[in-house]
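Residue numbers (this note's numbering): 7 to 319.
Backbone N, C-alpha and C fix where the C-beta goes; we use that ideal spot for every residue, glycine too.
What follows is the structure, given as structure tokens:
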């Protein structure tokens with residue numbers, strides 16, 4: 007089982023780095039639908055047993071993906087209550103399972119629309135906005151603002167080659183004016199930046215966002231200069247469990263050699279950063295725009311409600 011978790015963790019990390027958390031979730035559930043369609047299992051209880059194994063793997067990945075944990079756990083409960091406890095034929099239980107997954111995909115897309123509706127409360131007219139990670143939620147928000155006729159410009163803090171070019175392609179296609187500045191040189195453009203936008207993988211019970219590597223330094227720098235920092239975040243990404251110390255961060259160590267000298271050294275790379283929510287001015291979500299203190303209250307309320315449901319099962 008551990009080998010499967012490690013392999014699946016690596017796959018999810020690579021996909022999340024490439025396409026973002028929300029699109030990763032969408033991909034997982036679309037793939038799940040196709041798998042159920044082709045699954046050669048006649049007994050719904052046998053299906054439930056196999057699905058339980060999948061849920062166990064996904065809920066133990068490094069890092070944990072809050073949105074996948076939330077929806078897959080709820081889906082498992084739905085299957086147990088409404089499909090696997092009843093005597094239904096092969097075609098019927100498959101159809102019921104696929105309908106429930108499609109309902110999740112529909113719900114996820116509704117959350118996206120609600121988030122953009124609340125994003126209208128953030129005034130971007132005439133502003134210069136800095137972005138760093140390649141959050142698709144942030145990209146979509148910028149496209150939404152552009153579609154609403156807002157006028158603004160973007161500064162991309164250059165980092166990873168592929169992520170930076172993903173941002174460039176997005177802004178170019180949306181006809182949003184932009185410039186690119188190396189992340190280690192943003193101090194030179196600090197005075198021209200009006201606001202900073204970020205996305206996040208999840209929010210932990212410690213009130214830390216798990217974010218793309220490198221974000222902590224950028225956010226700390228702008229916070230020190232009192233430039234307002236905004237997160238765009240779907241509340242389904244809450245990590246509704248007690249977190250372990252650094253359990254959400256994957257550490258990769260390997261030995262490298264100096265390019266010209268006979269020197270070997272250990273290189274350590276971290277999959278994500280942890281950033282405290284109190285560094286943010288506001289967090290734009292599918293349920294509204296919150297201050298850090300307000301979001302903490304919402305998290306605790308959601309955590310308690312989810313804990314009650316979990317105990318029932």
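Open item on the list: For a quick check, are the C-beta atoms of residue 292 and residue 121 less than 8 Å apart?
Closed with: Taking 8 Å as the Cβ cut-off, residue 292 and residue 121 qualify as a contacting pair.
TODO: Classify residue 180 as helix, strand or coil using the three-state DSSP reduction.
DONE: coil
- [ ] Take the Cβ of residue 310 as the centre, count every other Cβ of all protein chains shown within 10 Å, and call the residue buried at 16 or more, exposed below.
- [x] exposed
- [ ] Note the first and the last residue of the continuous beta strand (DSSP E) segment covering residue 55.
- [x] Here residue 55 belongs to no beta strand (DSSP E); instead the alpha helix (DSSP H) covers 50-64.
Open item on the list: Could you tell me the alpha carbon to alpha carbon distance between residue 45 and residue 33, rounded to whole angstroms?
Closed with: 18 Å
Open item on the list: Using the three-state DSSP reduction, which class does residue 301 fall into: helix, strand or coil?
Closed with: helix
TODO: Kindly list the residues whose CB is nearer than 8 Å to the CB of residue 164, restricted to its own chain and excluding five residues on each side of it in sequence; keep chain order.
DONE: 170, 186, 187, 188, 189
Task: residue 183 classed as buried or exposed, judged by whether at least 16 other C-beta atoms fall within 10 angstroms - done: exposed
TODO: Measure the beta-carbon distance from residue 277 to residue 219 and round it to whole angstroms, keeping in mind my assumption that it falls under 8 Å.
DONE: 7 Å
Task: Pair within 8 Å by beta-carbon distance, residue 126 and residue 106 - done: no
Task: N-terminal and C-terminal residue of the alpha helix (DSSP H) that residue 228 is part of - done: 221-230
- [ ] Go ahead and label residue 22 buried or exposed: buried means 16 or more other beta carbons lie within 10 angstroms of its beta carbon, across all protein chains shown.
- [x] buried
- [ ] Can you have a look at residue 173 and say buried or exposed, based on whether 16 or more other CB atoms are within 10 angstroms of its CB?
- [x] Classification for residue 173: buried.
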